[in-house]
Amino acid sequence: MRIIFKGIKRVFPVCRAAMIFLVLLTVQESKAQFALKTNLLYDALTTPNLGAEIGIGERSTISLVYGLNPWSYDSEYGRRKAKHWVVMPEYRWWTCTKFDGYFIGVHAMGGQFNAANMNIPLPGVFFSGDNLSKGVRDKRYEGWFAGIGVTYGYQWVLSRHWNFEAEIGAGYNYVNYKKFNCSECGGKIGEGNTNYLGITKLGLSFIYLF
Numbered sequence: 012m013r014i015i016f017k018g019i020k021r022v023f024p025v026c027r028a029a030m031i032f033l034v035l036l037t038v039q040e041s042k043a044q045f046a047l048k049t050n051l052l053y054d055a056l057t058t059p060n061l062g063a064e065i066g067i068g069e070r071s072t073i074s075l076v077y078g079l080n081p082w083s084y085d086s087e088y089g090r091r092k093a094k095h096w097v098v099m100p101e102y103r104w105w106t107c108t109k110f111d112g113y114f115i116g117v118h119a120m121g122g123q124f125n126a127a128n129m130n131i132p133l134p135g136v137f138f139s140g141d142n143l144s145k146g147v148r149d150k151r152y153e154g155w156f157a158g159i160g161v162t163y164g165y166q167w168v169l170s171r172h173w174n175f176e177a178e179i180g181a182g183y184n185y186v187n188y189k190k191f192n193c194s195e196c197g198g199k200i201g202e203g204n205t206n207y208l209g210i211t212k213l214g215l216s217f218i219y220l221f
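For the sequence shown, my numbering begins at 12 and goes up steadily by one.
In structure tokens:
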């Protein structure tokens, strides 16, 4: 849990500053519209998440999403966990009008992780380092990551205040890690870095518009 709590302490100032920035934009932009969202796919993977998005023009929005997974549990294979936190800012351009229809975006991401005894079928490739999607099946990895990507999606208007969104994103992540023998015991047996290229976002989200 140490790496998760350190991550929480580090990300709170960033999230607070970002939310202040979003509020200031709301005050200064008369045509702005504000929304809160949660990604149901991420929730289904036991990772609570919350996003905030604001309009900055007729066809432009910016958003910030934060997700946290602090859980671990026992299994016949030992202690399993995919603990992590991630923060993801994004700029979107809408083909018609904001919060309605198709959009394309550019996103960044960063966070920390601590994973062991898990099958993580990441739809992408690792190169110049360990393949973490296979490595965490019988080893424990902890470290940090940062990357960028592009997004494509569509948003449906359900009612005056509710929308539904589907999105997919692909990009690159640099991952720095330490490797351990097992999930709860043993010393460090290695460290290094790897590069990931593939899917970086996948979402089905409910959105509340203010």
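Positions of the beta carbon are idealized from the N, C-alpha and C atoms, including for glycine.
- For residue 134, same chain residues with a beta-carbon under 6 Å away, outside a window of 5 residues either side, are 209 and 210 in chain order.
- In this structure, residue 185 lies away from residue 203, with their beta-carbon atoms at least 9 Å apart.
- In the DSSP annotation of this structure, the continuous segment of the alpha helix (DSSP H) that includes residue 54 starts and ends at 51-55.
- Between the stretch 156-169 and the stretch 118-126 there are three or more inter-stretch CB-CB distances shorter than 8 Å, so the stretches are counted as touching.
- Boundaries for residue 145: no beta strand (DSSP E) harbours it, while the alpha helix (DSSP H) harbouring it runs 143-146, taken from the DSSP string.
- Residue 172 sits in coil when the DSSP states are folded into three classes, being neither helix nor strand.
- Note that the C-beta distance between residue 66 and residue 94 is not below 9 Å.
- Going by DSSP, residue 70 is part of no beta strand (DSSP E) at all; its letter is neither H nor E.
- Bridge pairing for residue 140: absent [DSSP].
- Judged by their CB atoms, residue 215 and residue 176 are nearer to each other than the 9 Å cut-off.
- Nearest to residue 212 by alpha-carbon distance, out of 90, 101, 86 and 72, is 101.
- For residue 199, the uninterrupted beta strand (DSSP E) segment begins and ends at 199-220.
- Looking at 171, 172, 125 and 170, the one whose alpha-carbon comes closest to that of residue 150 is 125.
- Comparing C-alpha distances from residue 192 to each of 174, 183, 168 and 146 shows the shortest one belongs to 146.
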